[in-house]
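> Under numbering that gives the first Met the number 0, the sequence shown has 254 at position 255, and the numbering climbs by one with no breaks.
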Amino acid sequence: MKLCRYGKAGYEKPGVIDAEGRLRDLSKVVDNLGPNEISPRGLKMLTRLKPETLPPVNGNPRIGVPYVGIGKFVAIGLNYSDHAKEAGQPIPTEPIIFMKATTCINGPNDDIIQPRNSAKLDWEVELGVVIGTKAQYVAEADALSHVAGYCVVNDVSERGFQLGRPGGQWDKGKGFDTAGPIGPWLVTADEIRDPQALDMYLDVNGKRMQTGNTRTMIFGVARIVADVSQYMTLLPGDIIATGTPPGVGLGMKPAPVYLKPGDVMTLGIRGLGEQRQKVVAYSA
0 MKLCRYGKAG YEKPGVIDAE GRLRDLSKVV DNLGPNEISP RGLKMLTRLK PETLPPVNGN
60 PRIGVPYVGI GKFVAIGLNY SDHAKEAGQP IPTEPIIFMK ATTCINGPND DIIQPRNSAK
120 LDWEVELGVV IGTKAQYVAE ADALSHVAGY CVVNDVSERG FQLGRPGGQW DKGKGFDTAG
180 PIGPWLVTAD EIRDPQALDM YLDVNGKRMQ TGNTRTMIFG VARIVADVSQ YMTLLPGDII
240 ATGTPPGVGL GMKPAPVYLK PGDVMTLGIR GLGEQRQKVV AYSA
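(1) Measure from the alpha carbon of R61 to the alpha carbon of each residue in L42, W184, L53, then state which is nearest.
(2) Out of curiosity, what's the CA-to-CA distance linking K27 and M44?
(3) Name, in chain order, the residues that DSSP records as bridge partners for Q88.
(4) Under 8 Å, with one C-beta from each stretch per pair, do the region 90–101 and the region 61–75 reach the 3-pair mark?
(5) According to DSSP, S156 sits in a beta bridge with which residue or residues?
(6) Using the Cα positions of D193 and A225, report the straight-line distance between them to the nearest angstrom.
(7) DSSP state of V224, grouped into three classes?
(8) First and last residue of the beta strand (DSSP E) that includes L185?
(9) Comparing C-alpha positions only, which one of I96, V56, L77 sits nearest to P89?
(10) Assign A178 to one of three DSSP states: helix, strand, or coil.
(11) Within a Cβ cutoff of 7 Å, which residues of the same chain sit near A280, ignoring the five residues on either side of it in sequence?
(12) Look at the Cβ atom of D121, then the Cβ atom of R158, and state whether they are nearer than 8 Å.
(13) Can you name the start and end residues of the alpha helix (DSSP H) that D170 belongs to?
(14) Quick one: what's got a C-beta closer than 7 Å to R23's C-beta in the same chain, skipping five residues either side?
(15) What residue does the beta strand (DSSP E) around R207 start on, and which one ends it?
(16) Given this structure, state the Cα-to-Cα distance separating T232 from P244, to the nearest angstrom.
(17) Do you know whose CA, among K277, V247, N105, lies nearest T210's CA?
(18) Below 8 Å on the Cβ atoms is my contact criterion, and I expect I181 with G127 to pass it. Report the Cβ-Cβ distance as a whole number of Å.
(19) Which same chain residues, not among the five before or five after K173, have their C-beta less than 6 Å away from its C-beta?
(20) By DSSP, does D141 sit in helix, in strand, or in coil?
(21) For the pair the region 79–94 and the region 258–275, tell me if three or more CB-CB distances fall below 8 Å.
Right, dumping it as structure tokens:
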């Protein structure tokens with residue numbers, strides 16, 4: 000299923016996308032989409048539904064984050080060898096784990112607000128992995144059984160905060176408000192036969208900047224879930240952004256290229272939908 004939430008920010012309703020790509024209202028079935036609904040029991044109930052029997056949603060409402068209850072926003076750094084090279088970093092020998100603040104979570108098509116004192120705003124299309132059942136010290140062979148589904152994530156980054164200041168670190172450059180668009184849909188795991196075979200792309204102002212496929216990850220989804228679970232317990236609703244392919248602004252030659260107010264990013268992953276964000280300047 001392709002699950003989503005739609006409506007004004009803070010007042011979203013649950014929805015589902017039918018086989019024709021049309022948005023259907025789920026609010027008479029569930030009050031919201033959260034950890035209970037994306038648990039195995041919740042998904043079993045939802046998959047019994049026939050989306051075409053649900054009321055269609057007219058117009059083009061705002062699409063929000065596809066589910067609520069994200070307790071942890073985990074991310075994996077330098078998980079594509081070409082991206083590590085363009086960033087001037089060594090290829091990791093085990094997954095690099097950092098956290099994005101949950102206050103950075105944003106709708107897939109909402110504006111990206113360039114933070115104060117920012118001059119190096121960058122983009123990163125990533126596969127998001129949504130946890131459906133508690134994962135603690137899980138084996139790689141069992142890891143995918145803990146996954147509820149997948150989604151598109153833009154790991155928006157401020158490279159000056161991340162890399163260019165005394166005491167700079169990834170959490171500073173990755174956790175500012177609006178830096179974590181998620182969606183448009185949570186696509187349940189049964190629809191994704193192989194998470195290591197997904198094409199991905201990102202355009203800036205209509206120009207293709209990133210083209211990749213999850214098969215070129217250094218560490219695949221199962222390895223990532225298993226590895227993270229050795230260091231922190233993953234709970235239903237937690238999300239892991241699994242790294243980005245090459246083509247970020249930081250790695251452009253002969254000089255980096257960064258986002259500015261007015262720029263528009265369009266990004267997507269095959270089968271998981273598309274995001275579109277406009278960059279706007281921060282205003283108090």
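For each residue, glycine too, the CB sits at the ideal point set by N, CA and C.
Just so we're clear, the structure is a prediction, and the values are computed from it rather than from any experiment.
Put simply:
(1) By 1-based counting over the sequence shown, the position of residue 61 is 62. The candidate whose alpha carbon is nearest that of R61 is W184.
(2) Counting from 1 along the sequence shown, the entry for residue 27 is found at position 28. Counting from 1 along the sequence shown, the entry for residue 44 is found at position 45. If I take the Cα positions, the gap works out to 14 Å.
(3) As a working note, residue 88 is residue 89 in the sequence shown. Q88 pairs with nothing; no bridge assigned.
(4) yes
(5) By 1-based counting over the sequence shown, the position of residue 156 is 157. Looking at the DSSP assignment, S156 forms a beta bridge with D121.
(6) Walking along the sequence shown from the start, residue 193 turns up at place 194. Walking along the sequence shown from the start, residue 225 turns up at place 226. Distance between the alpha carbons of D193 and A225 is about 17 Å.
(7) In the sequence shown, the residue the question calls residue 224 occupies position 225. In the displayed model, V224 falls within a helix according to three-state DSSP.
(8) By one-based count along the sequence shown, residue 185 stands at place 186. Where L185 is concerned, the enclosing beta strand (DSSP E) stretches over 185–187.
(9) As a working note, residue 89 is residue 90 in the sequence shown. Residue L77 is the option with its Cα nearest to P89.
(10) Stepping through the sequence shown from its first residue, residue 178 is reached at position 179. Here A178 sits in coil by DSSP.
(11) The sequence position of residue 280 within the sequence shown is 281, counting from 1. Excluding positions up to five away in sequence, the list reads Q113, P260.
(12) Residue numbering aside, residue 121 sits at position 122 when the sequence shown is read from its first letter. Residue numbering aside, residue 158 sits at position 159 when the sequence shown is read from its first letter. A contact, by the Cβ cut-off of 8 Å.
(13) Working through the sequence shown from its first residue, we reach residue 170 at position 171. First-last of the alpha helix (DSSP H) with D170: 169–173.
(14) If you number the sequence shown from 1, residue 23 lands on position 24. Counting only Cβ-Cβ distances below 7 Å, and skipping sequence neighbours, we find G14, V15, D17, P50, L53, P54, P55, V56.
(15) Position 208 of the sequence shown holds residue 207. From DSSP, the beta strand (DSSP E) with R207 extends over 206–212.
(16) Stepping through the sequence shown from its first residue, residue 232 is reached at position 233. Stepping through the sequence shown from its first residue, residue 244 is reached at position 245. Near 27 Å, if we compare the C-alpha coordinates of P244 and T232.
(17) Start at 1 with the first residue of the sequence shown, and residue 210 comes out as number 211. Comparing Cα-Cα distances from T210 to each of K277, V247, N105, the minimum goes to V247.
(18) What you label residue 181 is simply residue 182 of the sequence shown in a count that begins at 1. What you label residue 127 is simply residue 128 of the sequence shown in a count that begins at 1. Going by Cβ atoms, the distance from I181 to G127 rounds to 6 Å, so yes, they are a contact pair.
(19) Along the sequence shown, one-based indexing puts residue 173 at 174. The answer, listed in chain order, is K99, S156.
(20) Here residue 141 is taken as the residue at index 142 of the sequence shown, counted from 1. Helix, per DSSP.
(21) Too few Cβ pairs lie closer than 8 Å, so no.
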